[in-house]
Amino acid sequence: MSSATPQPQTTAPFADVPRSAAQASSWVDDNWAGWLSSGLRILLIVAIAVVLRSVVRKTISRLIERMNRGAEAAANTALGGLLVNAERRRQRSEAIGSVLRSVASFLILGTAALSVLSVLKIDLAPLLASAGVAGVAIGFGARNLVTDFLSGVFMILEDQYGVGDVIDAGIASGTVVEVGLRVTKLRGDGGEIWYIRNGEVKRIGNLSQGWATALVDVQVGAGEDLDRARTVIAETADAMAKEAPWDERLWEPVKVLGLESVGVESVVVQAQARTMPGEAAGVSRELRLRIKQAFAREGIEITGGPAGGAIPPQSGGVDGSDSATS
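Shown next as structure tokens:
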């Protein structure tokens with residue numbers, strides 16, 4: 001008699017599906033309130049960040065516009081052209097506004113991102129450590145860019161120079177056309193454009209700030225009456241200082257300093273004038289012309305022709321004793 005072969009036990013298909021569905025439903029029921037709360041908190045954080053960023057940026061933009069309107073209003077006054085450079089003020093304020101808007105956006109959005117991650121219960125310690133390492137690596141890799149940017153920020157904040165200023169940056173010199181956070185654009189004497197990275201500038205000589213000094217050397221024959229020659233130079237300079245436009249360009253009375261050098265056939269009488277920045281060359285040319293005409297009327301001999309030149313302007317409060325004639 002043969003034994004019965006055991007039959008394998010079979011289970012009905014999808015027998016565990018109801019139990020799994022019941023567990024999923026129970027899990028959803030247990031956690032939906034937390035998900036809803038987290039979602040609402042994230043939406044609230046994002047909304048507050050977007051609104052706050054928009055308000056801060058608009059506030060900064062309105063402040064910059066008000067500064068620009070003030071500069072334009074001052075430029076339309078009688079002394080506006082002398083005291084205010086509207087384009088310089090505009091570019092400086094726009095650059096400062098750009099920096100402030102970028103910083104505000106970074107702080108607000110960065111804080112919002114960290115708050116969202118905290119709501120999602122993501123451990124921020126490894127993330128911040130990784131970000132720190134990445135920031136150090138990027139800083140080393142782009143150190144020249146960072147140096148240029150920081151140098152540009154401080155140049156603008158300290159108002160070392162602006163649009164329209166004539167500067168000597170060591171590696172190039174010329175008139176400032178544009179001041180950026182990374183690059184300064186200069187136009188040279190020959191019309192060429194120089195692009196100077198702000199981080200490469202080690203020293204700046206601003207020839208448009210403070211005042212300038214014009215020096216005029218007049219070579220007079222050794223046999224002439226020097227007291228008479230000095231009197232004619234002084235009278236000519238005084239007459240020039242009372243006429244337009246030289247009355248605005250001359251900031252102090254012209255001084256006859258005396259003998260600069262003594263030769264066998266001639267002596268050099270030197271005159272000095274403090275002028276507006278950038279006007280020294282024009283003042284010295286006009287003064288030489290008038291002295292030549294006055295000497296011709298008075299019959300005073302000029303040997304070798306008058307020589308003179310303009311020295312770079314010195315900042316206010318610094319004497320011009322280190323200047324040299326051309």
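The sequence shown: position 12 = 12 (the UniProt record's numbering), numbered continuously. The beta carbon of each residue, even a glycine, is placed where N, CA and C say it ideally should be. Given the structure is predicted, the values throughout are model-derived calculations rather than measurements.
Using DSSP bridges, identify the partner residues of residue i.
i    : result
D238 : None, per the DSSP bridge assignment.
D168 : S173 and G205
K58  : DSSP output for K58 lists no bridge partner at all.
W194 : L186
G135 : None, per the DSSP bridge assignment.
To the nearest angstrom, how far is the alpha carbon of residue i from that of residue j?
i           : j    : result
A169        : D217 : 29 Å
R101        : V136 : 24 Å
P245        : Q209 : 20 Å
K202        : A172 : 12 Å
V119        : V51  : 20 Å
A49         : G188 : 46 Å
L124        : I167 : 49 Å
I291        : L186 : 36 Å
T303        : L257 : 19 Å
N68         : T236 : 43 Å
V133        : E248 : 59 Å
Q160        : I204 : 8 Å
V262        : E301 : 15 Å
L44         : T111 : 13 Å
E158        : G164 : 16 Å
E298        : E252 : 26 Å
E200        : R41  : 48 Å
residue 369 : L215 : The first residue shown for the chain is 1 and the last is 326, placing residue 369 beyond what the model contains.
Y195        : G174 : 11 Å
K242        : A271 : 17 Å
P306        : M155 : Note that P306 has pLDDT 40, beneath the 50 cutoff, so the model's placement of it is unreliable and the number below is only indicative. P306 and M155: Cα-Cα distance of roughly 41 Å.
V55         : N144 : 33 Å
R197        : D227 : 54 Å
V99         : R66  : 17 Å
V116        : G162 : 43 Å
T184        : S151 : 11 Å
Assign residue i to one of two classes, buried (16 or more other C-beta atoms within 10 Å of its C-beta) or exposed (fewer than that).
i    : result
Q293 : exposed
G97  : buried
F295 : buried
A239 : exposed
L127 : exposed
S130 : exposed
A113 : exposed
T59  : exposed
G39  : exposed
R92  : buried
Starting from residue i, trace the beta strand (DSSP E) both ways and give me its first and last residue.
i    : result
I156 : No beta strand (DSSP E) contains I156, which is instead part of the alpha helix (DSSP H) from R143 to L157.
A271 : S266 to T275
K121 : Note, K121: premise wrong, no beta strand (DSSP E); not H, not E.
E260 : K255 to V262
Hey, quick one: how far does the alpha helix (DSSP H) through residue i stretch, first residue to last?
i    : result
R182 : That residue, R182, is in no alpha helix (DSSP H); it is neither H nor E in DSSP.
E248 : W246 to R249
E286 : A280 to E298
When you compare the CB of residue i with every CB in chain C, is at least one pair closer than 8 Å?
i   : result
R41 : You won't find chain C in this structure, because it holds only one protein chain.
For this session: Pair every Cβ in the segment 232–246 with every Cβ in the segment 172–182, then say whether three or more of these pairs are closer than 8 Å.
Result: Flag = no, the segment 232–246 and the segment 172–182 do not touch.
Exercise. Are the segment 199–215 and the segment 274–286 touching, with three or more C-beta to C-beta distances below 8 Å?
Worked result: Yes: at least three Cβ pairs fall under 8 Å.
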